[in-house]
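Residue numbers (the UniProt record's numbering): 1 to 394.
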């Protein structure tokens, strides 16, 4: 606060001289009066120095805080970048030595498949199969499938009968629609080599039946000749009429060719078959003797090279006590005809049974090579959806 005082006794001198100025600076509770010159020369520099010291200390404190914040930010960013580089180098682009060694060893050695049987590891399937503990393997299969060959009751196989019936029904529909069976049989009989006394054979009747075989009383047993293998025994019963009728001529070539021609008409029907079917899975390379025996007994051009090599095959045969009944009708002659001659019927029936026994009755058996069960892309099938249904689904 500023207060200007004038002396009343010297008004004239005050008019000629500039008025004196007094400044009150309140630093303490008590006020001090100084002149303007003293304030400019003494007090003002003191206040300026004090204010400068205060401002310099504030700026120094602010600059110190800013530098510490910048330093912490830089150190944090550098730490994150360093951790990221270490992670990429040692975890992303690192090479696993153990895996590389396994790959190199796998290229040099043949693959080894290990299987755990009876808690015994380290079985090499690529080695000789005779080294495997096959009895323990069979016992392990029976144990894990809860099947006892001694006490387990026979099964009905109703579900299997339904599948077989559907397959046979589809086969019959295709035969009726395209007559492929008749054409195939005619082509076979035309190309077949016939004896000199027999003329061409023509098919006059073909009946593929309308009933289905019934499989029942299935039981799993150990193979008598090989206890290391299992076999299924199934009772089969078929009561149906499967008929094949043919027409041909007997050529009497003595004393000269075509001396006489005797027309012959035959109709052979299978009306009943029943027996015990034995089915088992075998390894082809271990049963080459069985395959060679069958091919020799069949007297056919059997390609044994297709059956050699490792693989799985289905072997089936029928028990010797099978039942096979025929109904044979015959008609011989052109004018005076002989009908249903018993001797001819007996001869044909014996020939058909002999043909069946030589191929499918124990100890002989049929071996069918099974294809690989490994899924392949060429075997993939997808149901075709009609366009209308496809649009509705979309």
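All C-beta atoms, glycine included, are put in the ideal place defined by N, C-alpha and C.
Buried or exposed (CB count within 10 angstroms, at least 16 for buried), residue i
{"i": "residue 7", "result": "With a pLDDT of 45 at residue 7, under the threshold of 50, the modelled position of that residue is not reliable, and no figure is offered here."}
{"i": "residue 192", "result": "exposed"}
{"i": "residue 315", "result": "buried"}
{"i": "residue 282", "result": "buried"}
{"i": "residue 284", "result": "buried"}
{"i": "residue 318", "result": "buried"}
{"i": "residue 50", "result": "exposed"}
{"i": "residue 76", "result": "exposed"}
{"i": "residue 72", "result": "exposed"}
{"i": "residue 275", "result": "buried"}
{"i": "residue 173", "result": "exposed"}
{"i": "residue 234", "result": "buried"}
{"i": "residue 266", "result": "buried"}
{"i": "residue 365", "result": "buried"}
{"i": "residue 79", "result": "exposed"}
{"i": "residue 178", "result": "exposed"}
{"i": "residue 201", "result": "buried"}
{"i": "residue 55", "result": "exposed"}
{"i": "residue 330", "result": "buried"}
{"i": "residue 289", "result": "With a pLDDT of only 49 at residue 289, under 50, the local geometry of the prediction cannot be trusted, and the value read off the model is given with reservation. With fewer than 16 other Cβ atoms within 10 Å, it is exposed."}
Member of the options whose CA lies at the smallest distance from the CA of residue i
{"i": "residue 356", "options": "320, 383, 343", "result": "320"}
{"i": "residue 139", "options": "264, 367, 220, 166", "result": "220"}
{"i": "residue 327", "options": "365, 333, 273, 366", "result": "273"}
{"i": "residue 335", "options": "311, 264, 283", "result": "264"}
{"i": "residue 251", "options": "51, 244, 259", "result": "259"}
{"i": "residue 323", "options": "314, 383, 340, 349", "result": "349"}
{"i": "residue 214", "options": "200, 197, 237, 150", "result": "237"}
{"i": "residue 209", "options": "246, 269, 262", "result": "269"}
{"i": "residue 279", "options": "351, 206, 204, 361", "result": "361"}
{"i": "residue 197", "options": "48, 261, 70, 149", "result": "261"}
{"i": "residue 370", "options": "346, 313, 204, 52", "result": "313"}
{"i": "residue 184", "options": "225, 203, 150", "result": "203"}
{"i": "residue 151", "options": "158, 142, 157, 325", "result": "142"}
{"i": "residue 367", "options": "375, 311, 354", "result": "311"}
{"i": "residue 271", "options": "353, 241, 247, 145", "result": "241"}
{"i": "residue 156", "options": "218, 249, 337, 205", "result": "218"}
{"i": "residue 162", "options": "211, 199, 186", "result": "211"}
{"i": "residue 253", "options": "52, 359, 87, 199", "result": "199"}
{"i": "residue 333", "options": "257, 249, 353", "result": "249"}
Where the alpha helix (DSSP H) through residue i begins and ends
{"i": "residue 158", "result": "158-178"}
{"i": "residue 357", "result": "342-360"}
Opening and closing residue of the beta strand (DSSP E) in which residue i lies
{"i": "residue 474", "result": "Missing from the structure shown is residue 474; the chain here goes from 1 to 394 and no further."}
{"i": "residue 214", "result": "214-222"}
{"i": "residue 279", "result": "260-283"}
{"i": "residue 326", "result": "323-332"}
{"i": "residue 312", "result": "312-318"}
{"i": "residue 227", "result": "Segment: none, residue 227 is in no beta strand (DSSP E) and carries neither H nor E."}
{"i": "residue 367", "result": "366-369"}
Contact with chain C by residue i, beta-carbon distance below 8 Å
{"i": "residue 284", "result": "Looking at the structure shown, chain C is missing, and only one protein chain is on hand."}
Quiz item: Is the stretch 228-237 touching the stretch 192-210, taking contact as three or more C-beta pairs under 8 Å?
Solution: Look at the beta carbons and you see the stretch 228-237 not touching the stretch 192-210: under three pairs across the two are nearer than 8 Å.
Quiz item: Whole beta strand (DSSP E) runs in the stretch 183-212 with 3 or more residues, listed along the chain?
Solution: Scanning the stretch 183-212 for uninterrupted beta strand (DSSP E) segments of 3 residues or longer gives 202-207, listed from N- to C-terminal end.
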